[in-house]
Amino acid sequence: MNDLRHYETPLLPTPFHARTEAACKTHAWANWGGYRTVTTFEDLAMEHSAIRNTASVYDLCPMIKYRIEGPDAVAFLDRLTPRNVAKLRVGSVQYTVWCDDAGHLLDDGTLFRLTETRFRLCCQERHLPWLLDSAHGFDVTVTEETEEIAALSLQGPTSAEILRRAGVDIDALKPFRMMEVPFGMGRLMISRTGFTGDLGYELWTTPDLALPLWDHLMQAGALHGLRPIGSDALNIARLEAGFIITGYDFIPAHVCLREDRLRTPLDMGLGWLIDWEKGAFTGRNALMKQRAKGPDWAFVGLEIDGNIPADGAILYRAQKHEAGVVTGACWSPTLKRNIALAQLRADLVKSPDLWAEIYALRELHYAKMMMRARVVDRPFYTPARRTLTPPARF
Amino acid sequence: MYDAVVIGAGHNGLVAACYLARAGLKTVIVEKNDWIGGAAVSRELYPGFTYSNCSYVSSLFRPEIMRDLDLPRHGLQILPYEGGALMTRDGGYLGMFRDHESNRREIARHSRRDAEAYDRYARDILRNCRLIRPMLMRRPPDLASFHPRDLSELLWLGRQITGQSEAALCDMLRFWTMSIADFLDEYFENPAVKAYQAVGSIIGTALGPMSPGTAYVLLHHAMGDVDGNVGAWGYARGGMGSITRALADSFRAAGGEIRAGVGVQEVRISGGRATGVVLANGDEISARRVLSNMDVRRTFLGHVDRKELPADFVKRVERFKTRGSSGKLNIALDGVPRFTALPEGAPNIKGDLHFTDTIDQMERAYDDWKAGRFSRHPFQDVMIPTMIDPTMTPPGKHFMSCFVQYAPPQIEGKPWTDADRDAFAKTCIDQIEAYAPGFRDLILHVEVRTPRELEAEVGLTEGNIFQGELTFDQMFFNRPVPGYANYRSPVKDLWICGSSTHPGGGVMGAPGRNAAREVLRDLRQPVDHMSDAYAIV
Ligand SMILES: Cc1cc2nc3c(=O)[nH]c(=O)nc-3n(C[C@H](O)[C@H](O)[C@H](O)COP(=O)(O)OP(=O)(O)OC[C@H]3O[C@@H](n4cnc5c(N)ncnc54)[C@H](O)[C@@H]3O)c2cc1C
Numbered sequence: 054m055n056d057l058r059h060y061e062t063p064l065l066p067t068p069f070h071a072r073t074e075a076a077c078k079t080h081a082w083a084n085w086g087g088y089r090t091v092t093t094f095e096d097l098a099m100e101h102s103a104i105r106n107t108a109s110v111y112d113l114c115p116m117i118k119y120r121i122e123g124p125d126a127v128a129f130l131d132r133l134t135p136r137n138v139a140k141l142r143v144g145s146v147q148y149t150v151w152c153d154d155a156g157h158l159l160d161d162g163t164l165f166r167l168t169e170t171r172f173r174l175c176c177q178e179r180h181l182p183w184l185l186d187s188a189h190g191f192d193v194t195v196t197e198e199t200e201e202i203a204a205l206s207l208q209g210p211t212s213a214e215i216l217r218r219a220g221v222d223i224d225a226l227k228p229f230r231m232m233e234v235p236f237g238m239g240r241l242m243i244s245r246t247g248f249t250g251d252l253g254y255e256l257w258t259t260p261d262l263a264l265p266l267w268d269h270l271m272q273a274g275a276l277h278g279l280r281p282i283g284s285d286a287l288n289i290a291r292l293e294a295g296f297i298i299t300g301y302d303f304i305p306a307h308v309c310l311r312e313d314r315l316r317t318p319l320d321m322g323l324g325w326l327i328d329w330e331k332g333a334f335t336g337r338n339a340l341m342k343q344r345a346k347g348p349d350w351a352f353v354g355l356e357i358d359g360n361i362p363a364d365g366a367i368l369y370r371a372q373k374h375e376a377g378v379v380t381g382a383c384w385s386p387t388l389k390r391n392i393a394l395a396q397l398r399a400d401l402v403k404s405p406d407l408w409a410e411i412y413a414l415r416e417l418h419y420a421k422m423m424m425r426a427r428v429v430d431r432p433f434y435t436p437a438r439r440t441l442t443p444p445a446r447f
Numbered sequence: 032m033y034d035a036v037v038i039g040a041g042h043n044g045l046v047a048a049c050y051l052a053r054a055g056l057k058t059v060i061v062e063k064n065d066w067i068g069g070a071a072v073s074r075e076l077y078p079g080f081t082y083s084n085c086s087y088v089s090s091l092f093r094p095e096i097m098r099d100l101d102l103p104r105h106g107l108q109i110l111p112y113e114g115g116a117l118m119t120r121d122g123g124y125l126g127m128f129r130d131h132e133s134n135r136r137e138i139a140r141h142s143r144r145d146a147e148a149y150d151r152y153a154r155d156i157l158r159n160c161r162l163i164r165p166m167l168m169r170r171p172p173d174l175a176s177f178h179p180r181d182l183s184e185l186l187w188l189g190r191q192i193t194g195q196s197e198a199a200l201c202d203m204l205r206f207w208t209m210s211i212a213d214f215l216d217e218y219f220e221n222p223a224v225k226a227y228q229a230v231g232s233i234i235g236t237a238l239g240p241m242s243p244g245t246a247y248v249l250l251h252h253a254m255g256d257v258d259g260n261v262g263a264w265g266y267a268r269g270g271m272g273s274i275t276r277a278l279a280d281s282f283r284a285a286g287g288e289i290r291a292g293v294g295v296q297e298v299r300i301s302g303g304r305a306t307g308v309v310l311a312n313g314d315e316i317s318a319r320r321v322l323s324n325m326d327v328r329r330t331f332l333g334h335v336d337r338k339e340l341p342a343d344f345v346k347r348v349e350r351f352k353t354r355g356s357s358g359k360l361n362i363a364l365d366g367v368p369r370f371t372a373l374p375e376g377a378p379n380i381k382g383d384l385h386f387t388d389t390i391d392q393m394e395r396a397y398d399d400w401k402a403g404r405f406s407r408h409p410f411q412d413v414m415i416p417t418m419i420d421p422t423m424t425p426p427g428k429h430f431m432s433c434f435v436q437y438a439p440p441q442i443e444g445k446p447w448t449d450a451d452r453d454a455f456a457k458t459c460i461d462q463i464e465a466y467a468p469g470f471r472d473l474i475l476h477v478e479v480r481t482p483r484e485l486e487a488e489v490g491l492t493e494g495n496i497f498q499g500e501l502t503f504d505q506m507f508f509n510r511p512v513p514g515y516a517n518y519r520s521p522v523k524d525l526w527i528c529g530s531s532t533h534p535g536g537g538v539m540g541a542p543g544r545n546a547a548r549e550v551l552r553d554l555r556q557p558v559d560h561m562s563d564a565y566a567i568v
């Protein structure tokens, strides 16, 4: 594609496009950050079932990636994020968030420590100016490298076996650790991470090796139920795992118009990430203040009566006082429960009297329901195989 | 005997008249020109070609007014447009795209950092829009008054402002007073990106992008919308004159009367009250009240007996800044010009085109204005609405609208001459030719308008396109002058309803609507036929 004529392709193909297009029987495509991505390849239920029963591949390429490199990389990232980066070993991955000075969340993501001085930050939103400005005074370079990396998520009970069959000695790899193997003319980085809450891996390589990687995996997975999944199936799995998505479960500060919609890590139940002792990080003072008085909001998992998903439902206390909003919901095929993630007024987390107002459009009429909602622990679903090392055979 | 006579059939006069007529007031509009529309006018100056002779794009025109007055049913259609490009001196360009990702990739061609800075910038502009939009359809409070309505308006304003966090308040105050150059420096690094974003901050303004106050002018151009798409601009199908044509139709349908071709000589005043108007041909029209759509200086310094006005008021009106800074070329074209920087078939040509690629260059253009000259390298906002609108020209032919900054009200202290005007036109055409070789050969006809023509024809004092500059010192309760932001004047029953009043210029309709509302309030007439501003949620 001629760079000047980029506008002719507002939705770019990812490096896996030749394969995803062939596999996408529904033609259900969606825009994810300017890329063509599949919402459902063939059948949503089959795709979700593959995540929990066999294995799935999901094209991760549109995830935004930054390379952070330099002698001060650790110091910089320790300043940028509330988590302790100095404790992150080379070859490890950290789930993390970062905030503006007021402590409001900008994004969440995963931080990969590739070497002593080189990191990769993967996230949903674009932050180059923020990262560059934050890097002032640190000896680091920050480079946006989204298009330089092709990434595929391989998730499900048979995923380890598929990697073994693909010739990768995966048995020693623990959760949140990564390894590198030669692949084709280049290299393949494998991290034991994912967004499904199940046994799974994320595979990272260069775009030229994308199609060989896909083919190699498909071949290795032929007898192990491997199938491509779209973002709809992934969304059900991530809800079951209780993971949040920036822009869905909270509005990132740099695009948030309404001040009352800003959220801090404490509001979002992410206080456990914060290392209060490590010293200064952006947003610390504001968060300290908030910690002292307690956050106004909580982020919770809910189980809701009935079987009708409560997407976008308003939550009430005593069926009449507004208490919050459901940010994501589904009927969980794995748990056979009606689950939801929600922003809830912090003072009501323990309330036994919470209700979700659900409108179900059925043949042009709304069935309007007030359903009882109970705050439950997250993750809703966390199978033992997720962390077992070496992974069980299936 | 009329209930109301409106001086001037500009869009604000028409809007006011429509609302009055719909409330049952017997209303007449007197327009000096043979045609109506003021600065929202479309005339055919070359056979088969309809021009937008003054204003050329629509965004500010309030949708509440379009609905109240049934304008779509009277023929009004606003067309969204795509595209836009700023040509750079090195032969490249920076395009504008409606699609978010295309726009990001386009900026990334110039600066990857700026590409990712755009969202935060857009958020901040939009935040300010959300603050100001509710104020457009309200009468500003008089700060010195203890009238319950003023107090309640003041309270409302206070609540809007105190509803903000301290940080947002600081940002708002900075934004309303700072220069666009400083504002953009907080987000962007690339000169072309900044130059493009600065476009809306100097249009119609006798300020340069480095002058304080220009960030607000940007907001004034960003606070409108096309069908809820805030900041977007569109074309009025058939030219901007179709807005005033639809208003005139709506007015007549409500029983209104328009008398065009003879202007008002003087507002008739007796016993301190306006009782009608005397026309240039000596005719008199009696009315219970007079609304002037002329700018505030023309109204009070030209058409009202000074003896009827307090000296202090006159002095304030004399000081009201109406410095002209803009000119315009309206061009009939034999075909589509080919801009060498743009790829063949690029959609950008359907939008706004510019040829100044740095803030510095724009500021230099302003330096010429300060010295009393038109800019040697002018800033132009060039559009070819016929790329989208099939009704204005024969197929394959085009109408090009070139809005130009800066053109001073006088050339080095002397009135514009025809030779000055022609030199101005040549400068603008040469600039386009440099980016689109062969452009000149496509020209069938050019209408050139300097501040001289704008003043003579539309009556805009000194050629100021907004009937008074949009600087903070003459906005809100200070527009046009303190104590008279309520559309009234020192003369009882003489009202002002043009762009000189809150919330200011542009084809917005809000001044006319707000003025009519005040008139009806005074009459204790119901205003059910007027929508409040659509809620911002
Ligand atoms: C060149 C140019 C380009 C512009 N571009 C845009 C644009 O693209 N988009 C936008 O939103 N805005 C634009 N504007 C601004 C906008 O057009 C004006 O602010 C707006 O149209 C003013 O409307 P008005 O009704 O307040 O007054 P006017 O349009 O000024 O109307 C005043 C009317 O009074 C009449 N009049 C004057 N004296 C007398 C008299 N003695 N007796 C009777 N009648 C009299 C005039 O003829 C005129 O019809 C532009 C303006 C100009 C001049």
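Here the protein sequences line up with chains A and B, keeping their order. For what it's worth, the numbering used here labels the leading residue of the first sequence as 54, then goes sequentially. For what it's worth, the numbering used here labels the leading residue of the second sequence as 32, then goes sequentially. Note that CB positions come from ideal geometry on N, CA and C, so glycine has one too.
| Asked | Found |
| --- | --- |
| Could you tell me the alpha carbon to alpha carbon distance between A/Y254 and A/I202, rounded to whole angstroms? | 16 Å |
| Whether or not the segment 186-193 of chain A and the segment 120-129 of chain A are in contact is what I'm after, with contact meaning three or more pairs of Cβ atoms, one per stretch, closer than 8 Å; do they touch? | yes |
| If we cut at 8 Å on Cβ distances, does B/D130 have a partner in chain A? | yes |
| Could you tell me whether the Cβ of B/S317 comes closer than 8 Å to any Cβ of chain A? | no |
| What I want to know is whether the C-beta of B/V309 ends up closer than 7 Å to one or more non-hydrogen atoms of ligand 1. | no |
| If the cut-off is 8 Å on Cβ atoms, which residues from the segment 197-223 of chain B count as contacting chain A, listed in chain order? | A198, A199 and Y218 |
| So the beta strand (DSSP E) B/Q441 belongs to, where does it begin and stop? | Unbroken run through B/Q441: none, as it is neither H nor E. |
| Counting only beta-carbon atoms, is B/R154 nearer than 8 Å to chain A? | yes |
| When you compare the segment 361-375 of chain B with the segment 470-487 of chain B, are there three or more beta-carbon pairs, one atom per stretch, that lie closer than 8 Å? | yes |
| How long is the line joining the alpha carbons of B/R98 and B/Y33, rounded to whole angstroms? | 26 Å |
| Can you check which of these residues, A/C152, A/K331, A/Q177 and A/A83, is closest to A/K140 by C-alpha distance? | A/K331 |
| What residue does the beta strand (DSSP E) around A/S284 start on, and which one ends it? | Note, A/S284: premise wrong, no beta strand (DSSP E); alpha helix (DSSP H) at S284 to A294. |
| Any heavy atom of ligand 3 inside 7 Å of the beta-carbon of B/M241? | As far as ligands go, the structure on display features ligand 1 and does not contain ligand 3. |
| So with CB distances below 9 Å, who are the chain B contacts of A/G87? | D130, H131, E132, S133, R135 and R136 |
| Please classify A/Q372: is it buried, with 16 or more other beta-carbons within 10 angstroms of its beta-carbon, or exposed? | exposed |
| Answer with yes or no whether the minimum CB distance from B/P557 to chain A is below 8 Å. | no |
| Check the Cβ-Cβ distances between B/A291 and every residue of chain A, and say whether any is below 8 Å. | no |
| Under a three-way DSSP split, which group does A/K342 fall into? | helix |
| Heavy atom of ligand 1 less than 7 Å from the Cβ of B/H251, yes or no? | no |
| What separation, rounded to the nearest whole angstrom, lies between the Cα atoms of B/L76 and B/S142? | 44 Å |
| In this structure, how does DSSP classify A/D112 when only helix, strand and coil are distinguished? | strand |
| Looking at chain B, is there any beta carbon in it that lies within less than 8 Å of the beta carbon of A/H307? | yes |
| Within a Cβ cutoff of 6 Å, which residues of the same chain sit near B/Y397, ignoring the five residues on either side of it in sequence? | G239 and Y437 |
| From A/W183 to A/H80, what does the alpha carbon distance come to, in whole angstroms? | 36 Å |
| According to DSSP, is A/E200 helix, strand or coil? | helix |
| Taking contact to mean 3 or more Cβ pairs, one atom from each stretch, closer than 8 Å, check whether the segment 303-321 of chain A and the segment 409-419 of chain A are in contact. | no |
| For B/L10, which option in B/A40, B/V61, B/N379 and B/S86 has the closest C-alpha, if you only look at C-alpha atoms? | Since the first residue of chain B shown is 32 and the last is 568, residue 10 of chain B is not available in this structure. |
| Starting from A/I367, trace the beta strand (DSSP E) both ways and give me its first and last residue. | I367 to R370 |
| Given this structure, state the Cα-to-Cα distance separating B/R519 from B/L525, to the nearest angstrom. | 7 Å |
| Using 7 Å as the cut-off, classify the Cβ of B/A71 as near or not near the heavy atoms of ligand 1, replying yes or no. | yes |
| Taking 6 Å as the limit between beta carbons, can you name the residues of its chain near A/R105, skipping five residues before and five after? | T387 |
| Please classify B/G543: does DSSP put it in a helix, a strand, or coil? | helix |
| As a quick exercise: from B/I300, B/F497 and B/K352, pick the residue whose alpha carbon is nearest that of B/E339. | B/I300 |
| Per DSSP, B/L364 is paired with what? | B/H429 and B/I474 |
| Quick check: the segment 253-262 of chain B against the segment 70-84 of chain B, are at least 3 beta-carbon pairs closer than 8 Å? | no |
| Buried or exposed, going by whether 16 or more other CB atoms sit within 10 Å of the CB of A/C114? | buried |
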